[in-house]
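Notes for the one structure printed next.
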Amino acid sequence: MNNLHYRPLAAAVALCLLSVPVLATAQDAPRTTTELDRVEVTGTRIKRAEVEGQVPIQTLTRSEIERTGLNSIGEVLQQLTGSGSALNAKFNSSGNFGFPPDGSGVGAGSAQVDLRHLGAKRVLVLVDGIRWVNESSASGVGAATDLNTIPLAIVERIEVLEDGASSLYGSDAIAGVVNIITRREFDGGQVTVNYGEYSMGDGTQKGVDLAWGTSGDRYTLFLGASWTKQDPVYANTREQSRYPIPQTGLAFGSSATPAGRFIFTDPNTGIEHDLTPNTGATSPVFNGGDGCARTDDYHCFATADRFNFAEYNMLLTPSERKGIFGQFRFDITDNMQWYIKALGNRRESTNQAGPEPLFFGPDGATGNPLADNIVISALNPYNPFGFDLDSADNLIMIGRRPVEGGPRVFEQQVDTQYFATGLTGLFDAADRSWSWDVNGMYSKNEAEQTNYGSYNIFNVNMALGDPAVCAATPGCVPLNIFGGPGTITPEMLAWVQPVVRDRSQNELTLFTANLSSDLFTLPAGPVSFATGYEYRKYEGEYQPDPITVAGHYNGVPSLPTAGSYDVNEAYLELAVPIYARADRGERLDLSLAGRYSDYSTFGGEFTPKYGLRWQVSNDFVLRTSYAEGFRAPSIGELYGSAARADLQLFDPCSVGLGGTPPRGSAANCAALGVPTGFQQANSQISVTTGGNDQLDPERSRSFTAGFVWSPWFGSDAAWSERFDVEITFYRHTIEGAIQAINAQTQLDLCVDTLDPLYCGGITRASTGAVSGFNNRLTNLGSIKTDGWDVDLFWTFPQSDAGQFKLGWQNTFVGRYEAVGAAGQRQPQEPGVEVTDSSIPEWTSNATLGWNLGSWNASWTVRHISKLTEQCGDAAAFPVCSDQAAGTNELEATTFHDAQVGYKIDWMKGLQLTAGLNNVFGKDPPICLSCSLNGYDASTYDIPRGRYWYLRADLRF
1 MNNLHYRPLA
11 AAVALCLLSV
21 PVLATAQDAP
31 RTTTELDRVE
41 VTGTRIKRAE
51 VEGQVPIQTL
61 TRSEIERTGL
71 NSIGEVLQQL
81 TGSGSALNAK
91 FNSSGNFGFP
101 PDGSGVGAGS
111 AQVDLRHLGA
121 KRVLVLVDGI
131 RWVNESSASG
141 VGAATDLNTI
151 PLAIVERIEV
161 LEDGASSLYG
171 SDAIAGVVNI
181 ITRREFDGGQ
191 VTVNYGEYSM
201 GDGTQKGVDL
211 AWGTSGDRYT
221 LFLGASWTKQ
231 DPVYANTREQ
241 SRYPIPQTGL
251 AFGSSATPAG
261 RFIFTDPNTG
271 IEHDLTPNTG
281 ATSPVFNGGD
291 GCARTDDYHC
301 FATADRFNFA
311 EYNMLLTPSE
321 RKGIFGQFRF
331 DITDNMQWYI
341 KALGNRREST
351 NQAGPEPLFF
361 GPDGATGNPL
371 ADNIVISALN
381 PYNPFGFDLD
391 SADNLIMIGR
401 RPVEGGPRVF
411 EQQVDTQYFA
421 TGLTGLFDAA
431 DRSWSWDVNG
441 MYSKNEAEQT
451 NYGSYNIFNV
461 NMALGDPAVC
471 AATPGCVPLN
481 IFGGPGTITP
491 EMLAWVQPVV
501 RDRSQNELTL
511 FTANLSSDLF
521 TLPAGPVSFA
531 TGYEYRKYEG
541 EYQPDPITVA
551 GHYNGVPSLP
561 TAGSYDVNEA
571 YLELAVPIYA
581 RADRGERLDL
591 SLAGRYSDYS
601 TFGGEFTPKY
611 GLRWQVSNDF
621 VLRTSYAEGF
631 RAPSIGELYG
641 SAARADLQLF
651 DPCSVGLGGT
661 PPRGSAANCA
671 ALGVPTGFQQ
681 ANSQISVTTG
691 GNDQLDPERS
701 RSFTAGFVWS
711 PWFGSDAAWS
721 ERFDVEITFY
731 RHTIEGAIQA
741 INAQTQLDLC
751 VDTLDPLYCG
761 GITRASTGAV
771 SGFNNRLTNL
781 GSIKTDGWDV
791 DLFWTFPQSD
801 AGQFKLGWQN
811 TFVGRYEAVG
821 AAGQRQPQEP
831 GVEVTDSSIP
841 EWTSNATLGW
851 NLGSWNASWT
861 VRHISKLTEQ
871 CGDAAAFPVC
881 SDQAAGTNEL
891 EATTFHDAQV
901 GYKIDWMKGL
911 QLTAGLNNVF
921 GKDPPICLSC
931 SLNGYDASTY
941 DIPRGRYWYL
951 RADLRF
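Residue numbers (my numbering): 1 to 956.
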């Protein structure tokens with residue numbers, strides 16, 4: 001969480017940070033207000049000279065982006081103190097997470113941004129004030145923006161509004177707005193080369209950025225190209241991520257093993273067996289004996305037999321991104337300009353998971369009848385038991401992990417196309433100046449995912465069934481799942497292991513027209529306005545492989561999704577000066593805004609916003625705002641077809657994998673059909689997800705209040721050249737939030753209450769195991785959160801030792817409550833880690849920068865306060881810090897980053913930079929509830945995450 005600074009208040013009527021093209025010099029000498037250009041900034045459509053509006057805008061300059069040492073816009077934004085949990089390259093999603101309920105897919109390879117912990121789909125991403133198309137990763141129809149589709153080389157700055165803004169920008173702007181401003185006025189060329197890797201010699205990142213621009217009397221042209229390659233880091237190279245849950249060995253490993261686990265009842269004796277072949281028994285013999293003191297080739301399945309799938313995972317997923325961008329602007333007249341912009345970007349990324357398991361029988365609970373209801377023939381030439389294994393009779397579960405087929409590999413290719421053109425201009429009428437613009441844009445994300453290492457369960461079913469049927473089918477070869485690793489031959493794999501290809505795309509077509517001017521003049525100044533019209537059309541589709549559509553895919557099932565909708569919108573914004581005393585630096589301004597949106601899916605919606613800014617004196621400003629907002633259901637949320645997510649869930653009726661007694665009431669568990677002594681076979685439970693075309697829009701209320709103080713005694717003083725303090729209180733309330741009830745919460749409430757509201761979607765097999773779990777989207781009750789941003793910026797006087805600048809940013813989350821429609825409390829709250837995400841009570845960034853001549857350096861401190869999580873079954877192990885309470889503390893964590901640079905006076909300047917992120921090699925705290933790799937990938941650096949990098953930047 002590097003220091004990304006807010007625009008502080010200068011002498012309040014003077015400084016305009018956004019009127020200069022490069023903001024790294026935001027604290028240079030101010031100009032008076034009358035000298036400033038009238039510009040449009042994020043958070044208002046009215047072009048004005050004053051900077052400090054009713055809401056705080058966080059501005060990230062290009063130099064600050066470079067100081068992070070990161071090469072993805074998403075990962076840079078995720079280091080904001082107000083940022084929540086979002087996807088990035090540390091999420092090895094495919095094959096591990098399945099489909100989320102919102103129909104968006106797993107977003108493999110994407111990088112997103114979440115503000116205020118309200119979710120990435122509640123953040124609106126703009127590029128030059130125009131919406132960007134939603135992500136596509138070939139696993140659903142995405143509802144958030146993939147920032148990896150925007151090359152870093154084209155970015156001039158990034159403005160972040162952490163406040164509701166639906167009245168200005170429409171749907172999705174509930175938690176805030178990210179506006180990426182591209183480079184346009186650039187003369188000459190620039191070549192930037194970077195290289196870095198982790199201290200363990202892996203995770204190499206390298207890239208080249210090219211920029212070139214020219215201008216004439218009536219035109220400007222900018223061209224940019226970017227290439228970035230990220231190599232993987234594998235989980236088995238770090239102790240913390242080597243096992244499914246750190247410091248628990250194989251206790252939470254999979255019961256689908258290379259040797260196979262066989263749970264069945266012997267029809268000849270009525271004895272129930274839970275067996276696995278002895279090591280080396282490639283043609284095992286079964287003698288039907290009782291108990292675990294056996295004389296045949298089997299032994300009773302135990303923890304030591306479980307399979308460690310974690311060592312196949314990735315801590316950092318590889319990717320390669322190539323992008324080109326061009327922007328041309330031409331002054332048709334002195335008061336009219338035409339522009340055209342185009343972008344092409346390709347992302348190639350890879351996820352990897354352990355060899356795909358094959359589960360059979362009711363306790364396998366895959367949801368696929370070809371596996372759950374299978375009959376494995378006694379005539380199968382490899383069946384050692386001599387009788388049918390029938391799911392309707394004597395088969396309980398078989399778990400076989402065909403390591404012969406290798407790990408599951410998911411390769412994504414995402415192509416982004418973007419084209420925009422428009423006219424901007426000025427004209428004079430009615431004794432005032434008018435600004436106008438019209439814009440048209442088309443963009444598309446098109447993705448294909450190729451999956452290697454999965455299985456055709458239809459062909460598997462046939463190869464385990466009647467050999468005569470298999471023999472009559474061309475290509476079919478009887479399958480050996482009984483002989484242990486190495487006994488599945490290449491011929492068998494050729495029949496059961498296909499290459500699976502899924503596709504998806506999102507399209508956005510947009511037209512906008514805007515007009516801004518002054519209406520009339522009051523004693524305190526002119527009343528300004530902006531008004532406009534916007535049309536958008538969204539189209540999205542997801543097309544899984546025909547094998548998947550047919551129900552023959554052994555992996556996560558899904559069906560095609562397609563949909564579209566359009567919206568017409570009109571808005572009006574007013575800036576009303578109420579009081580002004582220029583001689584005292586006093587001013588009081590009111591802002592009003594409203595937007596009406598007419599959706600083809602649900603009708604109309606009006607969202608207002610009100611703001612008040614009181615400049616008390618030259619060095620002190622108070623400001624507050626109230627806004628109502630909404631978010632329309634996305635295509636995936638409305639039309640997403642039934643799919644599956646394999647979630648890390650702990651059944652309250654189960655004896656823990658570590659031997660702990662069931663948490664649930666024995667009477668309630670018995671009422672649910674769970675026998676005494678039942679033990680959950682796997683920590684993952686398959687959950688059915690999908691869209692809901694009856695969803696209503698989310699509606700929100702946002703409130704902010706705070707001040708900016710630039711004390712006179714901190715300006716041009718012996719101890720300070722500049723000193724700024726900014727404090728903001730925020731509060732967001734969302735009603736009818738679109739999401740599914742937390743699956744673990746639903747399962748717990750079902751066992752605790754036996755209420756059909758929670759148990760209605762959960763079914764159990766005769767063995768007691770969960771065999772079906774329906775967890776669909778709904779308009780959840782509400783989400784409420786509030787907190788404080790506290791920021792300090794201090795520029796020290798220039799001295800013989802150089803000049804130092806200190807920036808310190810903090811976010812304190814006071815409340816976060818998510819409540820279901822029936823009043824059920826969701827587990828998310830401040831200071832809690834749950835569902836691979838966290839809400840720290842305090843996050844902090846502090847950066848000390850230094851400049852002396854050609855030298856510059858910085859030291860950044862990133863702090864995350866402590867968190868608490870539920871240990872689940874891991875409570876039986878000492879790694880759970882409070883075993884009695886069943887909770888684990890993730891200690892407060894601080895990372896340190898350092899950078900040093902030197903500028904050589906050659907051509908237009910050669911900047912050489914070296915950096916070290918996570919200087920002291922701080923490991924993330926162990927997370928016992930996280931799905932993968934033993935830590936929260938959305939909050940912390942990877943284990944053994946010291947990373948060094950070099951960068952050379954030449955301008956000519």
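For glycine and all other residues, C-beta sits at the position ideal for the given N, C-alpha and C.
Everything numeric in this text was worked out from a predicted model, so none of it was measured.
Three-state secondary structure (DSSP) of residue i
i: ASP428; result: strand
i: LEU622; result: strand
i: THR607; result: strand
i: SER858; result: strand
i: ASN845; result: strand
i: ASN148; result: helix
i: SER63; result: helix
i: TYR455; result: coil
i: PRO30; result: In this prediction, PRO30 has a pLDDT of 34, which is less than 50 and means its spatial position is unreliable; what the coordinates show is noted afterwards. Of the three classes helix, strand and coil, the one that applies to PRO30 here is coil, per DSSP.
i: ARG122; result: helix
i: TRP712; result: helix
i: ASP724; result: strand
i: ILE734; result: strand
Anticipated Cβ contact below 8 Å, residue i with residue j, distance rounded
i: SER600; j: TYR565; result: 5 Å
i: ARG635; j: VAL106; result: Residue identity differs from the one stated: residue 635 is Ile in this sequence, not Arg. About 16 Å; that fails the 8 Å criterion.
i: VAL403; j: THR350; result: 20 Å between Cβ atoms; not a contact.
i: GLN352; j: PRO407; result: 5 Å
i: PHE773; j: VAL687; result: 4 Å
i: ALA463; j: CYS476; result: 6 Å
i: GLY280; j: ILE481; result: About 17 Å; that fails the 8 Å criterion.
i: GLN327; j: PHE222; result: 5 Å
i: SER597; j: GLU605; result: 5 Å
i: THR228; j: ARG321; result: 5 Å
i: ILE685; j: VAL556; result: The pair is not a contact, with the Cβ atoms about 13 Å apart (cut-off 8 Å).
Burial state of residue i, where buried means 16 or more other Cβ atoms lie within 10 Å
i: GLY690; result: buried
i: GLY69; result: buried
i: LEU907; result: Contrary to the premise, residue 907 reads as Met rather than Leu in this sequence. Exposed, since its Cβ has fewer than 16 Cβ neighbours within 10 Å.
i: VAL76; result: buried
i: GLY532; result: buried
i: GLU491; result: exposed
i: ARG815; result: exposed
i: LEU957; result: Nothing about residue 957 can be reported from this structure: the residues present for the chain run from 1 to 956 only.
Pairwise C-alpha distance: residue j and residue i
i: VAL708; j: SER700; result: 26 Å
i: LEU515; j: LEU115; result: 30 Å
i: ASP696; j: PHE602; result: 7 Å
i: GLY934; j: GLU239; result: 10 Å
i: ALA524; j: VAL725; result: 27 Å
i: ARG623; j: PHE678; result: 59 Å
i: GLN739; j: LEU777; result: 5 Å
i: ALA846; j: GLY119; result: 25 Å
i: ARG644; j: SER558; result: 7 Å
i: THR939; j: GLY831; result: 13 Å
Contact test: residue i Cβ vs the ligand ADP heavy atom, cutoff 7 Å
i: SER255; result: What this structure holds is no ligand at all, so the ligand ADP is not there to describe.
Secondary structure, beta strand (DSSP E): runs of 3+ residues fully inside the segment 160-233: 176-182, 188-198, 205-215 and 219-230
So within the segment 892-944, which uninterrupted beta strand (DSSP E) runs reach at least 3 residues, ignoring any that extend past its ends? 893-904 and 910-917
Where are the alpha helix (DSSP H) runs, 4 residues long or more, that stay fully inside the segment 237-315, in chain order? none
Can you check the segment 746-806 for any alpha helix (DSSP H) of at least 4 residues that lies completely inside it and give the ranges in chain order? List check, alpha helix (DSSP H) in window: 756-759.
Please give me, in chain order, every unbroken run of the beta strand (DSSP E) with length at least 3 that falls completely inside the segment 378-432. 395-400 and 408-429
For the segment 80-120, list the beta strand (DSSP E) runs that are entirely contained and at least 3 residues long, ordered along the chain. none
Extract the residue ranges of the beta strand (DSSP E) inside the segment 466-539, only unbroken runs of 3 or more that lie entirely within it. 500-522
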